[in-house]
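> At position 20 of the sequence shown (counting the first as 1) the number is 502 in the working numbering, and the numbers step up by one without a gap.
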Amino acid sequence: MAGIYIHIPFCRQACNYCDFHFSTVLNNKAEVIEAICKEVHLRKDYLEDKTLNSIYFGGGTPSLLSAQELENMMNALKKEFAFSDTIEITLEANPDDINAQKLKEWQQQGINRLSIGLQSFNDEELKWMNRTHTAAESLFSVKLAQDKGFSSITIDLIYGSKFQTLSSWEDTLQQAVDLKTKHISSYNLTIENKTLLGTRHLKGSEPPVNDELSSKQFLLMIDLLENTGYTQYEISNFGLPGYYAVHNSNYWLGHHYLGLGPSAHSFNGISRQWNVKNNNVYTAKLLSGKPFFELENLSVNDRYNEYILTGLRTIWGCNISEIERLFGSQITAHFRKIVHLKKDMITEKNGVYTLSKAGKLLADGLAADLFIR
Numbered sequence: 483m484a485g486i487y488i489h490i491p492f493c494r495q496a497c498n499y500c501d502f503h504f505s506t507v508l509n510n511k512a513e514v515i516e517a518i519c520k521e522v523h524l525r526k527d528y529l530e531d532k533t534l535n536s537i538y539f540g541g542g543t544p545s546l547l548s549a550q551e552l553e554n555m556m557n558a559l560k561k562e563f564a565f566s567d568t569i570e571i572t573l574e575a576n577p578d579d580i581n582a583q584k585l586k587e588w589q590q591q592g593i594n595r596l597s598i599g600l601q602s603f604n605d606e607e608l609k610w611m612n613r614t615h616t617a618a619e620s621l622f623s624v625k626l627a628q629d630k631g632f633s634s635i636t637i638d639l640i641y642g643s644k645f646q647t648l649s650s651w652e653d654t655l656q657q658a659v660d661l662k663t664k665h666i667s668s669y670n671l672t673i674e675n676k677t678l679l680g681t682r683h684l685k686g687s688e689p690p691v692n693d694e695l696s697s698k699q700f701l702l703m704i705d706l707l708e709n710t711g712y713t714q715y716e717i718s719n720f721g722l723p724g725y726y727a728v729h730n731s732n733y734w735l736g737h738h739y740l741g742l743g744p745s746a747h748s749f750n751g752i753s754r755q756w757n758v759k760n761n762n763v764y765t766a767k768l769l770s771g772k773p774f775f776e777l778e779n780l781s782v783n784d785r786y787n788e789y790i791l792t793g794l795r796t797i798w799g800c801n802i803s804e805i806e807r808l809f810g811s812q813i814t815a816h817f818r819k820i821v822h823l824k825k826d827m828i829t830e831k832n833g834v835y836t837l838s839k840a841g842k843l844l845a846d847g848l849a850a851d852l853f854i855r
């Protein structure tokens, strides 16, 4: 099994924290979609005839797509790839794009999972983030999607903003639980340099993220969501039984995936590829037959580091037998030596190493400690 990610690089306006590739110039959207459809054909052999268990339309704002644009891409995919009977097809949507007609169009094209970017239930926070929707629209959009037959919905939340307290974050989480969505993704706010928030921070008009408060919010989130039936199957992802995201799981479990569209990344087990991060350049190269991506072949050490970085973040952890099988005895000895020093942060059961609750606060740093340089 394998997955496909399609990057739709358009937004109506820029959120102040986002450093993903996007453009607010929409007049070349049709040309970019045409180029993506061509890329589908050009990259049809990348996954080596593996059946697709996931397609994910991300961005950017895929809910900006017209019905015809979405249909064109789905038809291109169906022509070149085999779909599993239980394929998960996810579309990211902004709350203010969701209406009954859009939901019907998405269902007609096989979309069976929505990722709705709520981010917050607080209008002050949403305005500060430069989001295009209100808290009321957040609640309405989820309930409408549920009423129209979408049983698999995930919502995105952000914690760590300057407006949040521990108490207000608890209220946000409770509102999320009350919506009864099957999945919740929640991310700690980070201040990236090439964003409006980053610019403000450099000028001194925005404070840094309060790391101590963010840590408390993270631990509160784990307790509250797990006490209401969700499982934290990955650092930032919580799902009810049977509703772990296939798209997310493919990535964290090291399965192969093909990325289509400007800036999209691909992985086939032996190399990483990434498409050019410019809409006009991407389109011109695709339509003229010129190379449109860069490639990095992965050494054994690179693949081990990737395995540690992704596996350690999940409930499936890092399996010592798999490390031995995939990377050999020398790398296994290195792992054993370092992980022994982290026993308060990384726990072991039946040869599988996972993060303790305290370790989850330091996930990336612990993974880096286990890397081979």
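Heads up, the beta-carbon is just placed ideally off N, CA and C, and yes, glycines get one too.
1. Exposed or buried, what is residue 575 when buried is set at 16 or more other beta-carbons lying within 10 Å of its beta-carbon?
2. With distances taken from CA atoms, which of 593, 548, 676 is nearest residue 503?
3. Given a cut-off of 8 Å on the beta-carbon distance, is the pair residue 495 and residue 604 in contact?
4. Candidates 779, 827, 740: which alpha carbon is nearest residue 533's?
5. Using a 10 Å radius around the Cβ and a threshold of 16 neighbouring Cβ atoms, would you call residue 832 buried or exposed?
6. So is residue 721 buried or exposed if we call it buried at 16+ other beta carbons inside 10 Å?
7. Taking three-plus beta-carbon pairs below 8 Å as touching, is the region 536–554 in contact with the region 575–586?
8. Quick check on the DSSP output: what are the complete alpha helix (DSSP H) runs of length 4 or more inside the region 582–655, in order along the chain?
9. Taking only runs that begin and end inside the region 764–826, name each unbroken beta strand (DSSP E) of 3 or more residues, in chain order.
10. Just reading off the alpha helix (DSSP H) that residue 841 is part of, what are its end residues?
11. Whose C-beta lies closer than 6 Å to the C-beta of residue 699 among residues of the same chain, with five residues either side of it excluded?
12. By DSSP, does residue 705 sit in helix, in strand, or in coil?
13. Is the distance from the Cβ of residue 682 to the Cβ of residue 688 below 8 Å?
14. Going by DSSP, what residue range makes up the alpha helix (DSSP H) through residue 512?
15. To the nearest angstrom, how far is it from the Cα of residue 818 to the Cα of residue 780?
16. Sort 601, 706, 718, 654 by Cα distance to residue 797 and report the nearest one.
17. Please classify residue 770: is it buried, with 16 or more other beta-carbons within 10 angstroms of its beta-carbon, or exposed?
18. Nearest-angstrom Cα distance between residue 786 and residue 809?
19. State the start and end residues of the unbroken alpha helix (DSSP H) segment that holds residue 680.
20. Can you tell me where the alpha helix (DSSP H) with residue 692 in it begins and where it stops?
21. Which residues bound the alpha helix (DSSP H) around residue 733?
22. Counting Cβ pairs closer than 8 Å, one from the region 556–572 and one from the region 594–602, do we hit at least three?
23. With a cut-off of 8 Å on the beta carbons, I'd call residue 801 and residue 774 a contact; round off their distance for me.
24. Tell me whether residue 646 is buried or exposed, calling it buried when 16 or more other Cβ atoms sit within 10 Å of its Cβ.
25. To the nearest whole angstrom, what separates the beta carbons of residue 655 and residue 706, a pair I think is in contact under 8 Å?
26. Using 8 Å as the cut-off, can you tell me whether the region 759–770 makes contact with the region 515–522, which would need three or more C-beta pairs spanning the two stretches below that distance?
27. In this structure, what does DSSP give as the bridge partners for residue 754?
28. Can you tell me which of the three DSSP states residue 833 falls into?
29. Pick helix, strand or coil for residue 711, following the three-state DSSP scheme.
30. Compute the beta-carbon to beta-carbon distance between residue 637 and residue 658, rounded to the nearest angstrom, for a pair I have assumed lies under 8 Å.
31. What residues are listed by DSSP as bridge partners for residue 536?
32. Could you check how far apart the C-beta atoms of residue 490 and residue 538 are, in whole angstroms? I think they sit under 8 Å.
33. With distances taken Cα to Cα, identify the nearest neighbour of residue 536 among 742, 590, 483, 678.
34. Whole angstroms is fine: what's the gap from residue 679's alpha carbon to residue 499's?
35. What does the alpha-carbon distance come out to for the pair residue 875 and residue 776?
36. Excluding the 5 residues preceding and the 5 following residue 761 in the sequence, name in chain order all residues of the same chain whose CB lies nearer than 7 Å to its CB.
The answer reads as follows:
1. buried
2. 676
3. no
4. 740
5. exposed
6. Flag for residue 721 reads buried.
7. Segment contact: the region 536–554 against the region 575–586, three or more CB-CB distances shorter than 8 Å; contact assigned.
8. 582–590, 605–611, 617–629
9. The region 764–826 is shown to contain whole beta strand (DSSP E) runs of 3 or more residues at 775–779, in chain order.
10. 839–842
11. 641, 651
12. Residue 705 carries a helical assignment under DSSP once its states are collapsed to helix, strand and coil.
13. yes
14. 511–524
15. 23 Å
16. 718
17. exposed
18. 7 Å
19. 678–685
20. Neither: residue 692 is in no alpha helix (DSSP H) and is coded neither H nor E.
21. 728–734
22. Taking a contact to require three or more Cβ pairs closer than 8 Å, the region 556–572 and the region 594–602 qualify as touching.
23. With 8 Å as the limit, residue 801 and residue 774 do not qualify as a contact, their Cβ atoms being about 36 Å apart.
24. buried
25. In this structure residue 655 is in contact with residue 706, their Cβ atoms being roughly 5 Å apart against a cut-off of 8 Å.
26. yes
27. Residue 754 is bridged by DSSP to 749, 778.
28. In the three-state reduction of the DSSP assignment, residue 833 falls in the coil class, being assigned neither a helical nor a strand state.
29. Looking at residue 711 - three-state DSSP - the assignment turns out to be coil, as it is neither helix nor strand.
30. 6 Å
31. Beta bridge pairing from DSSP links residue 536 with 485, 570.
32. That pair is no contact at about 11 Å.
33. 483
34. 5 Å
35. A question about residue 875 goes unanswered here, because the residues of the chain that appear run from 483 up to 855.
36. For residue 761, where only same-chain residues beyond five positions count, the Cβ hits under 7 Å are 491, 505, 510, 514, 744.
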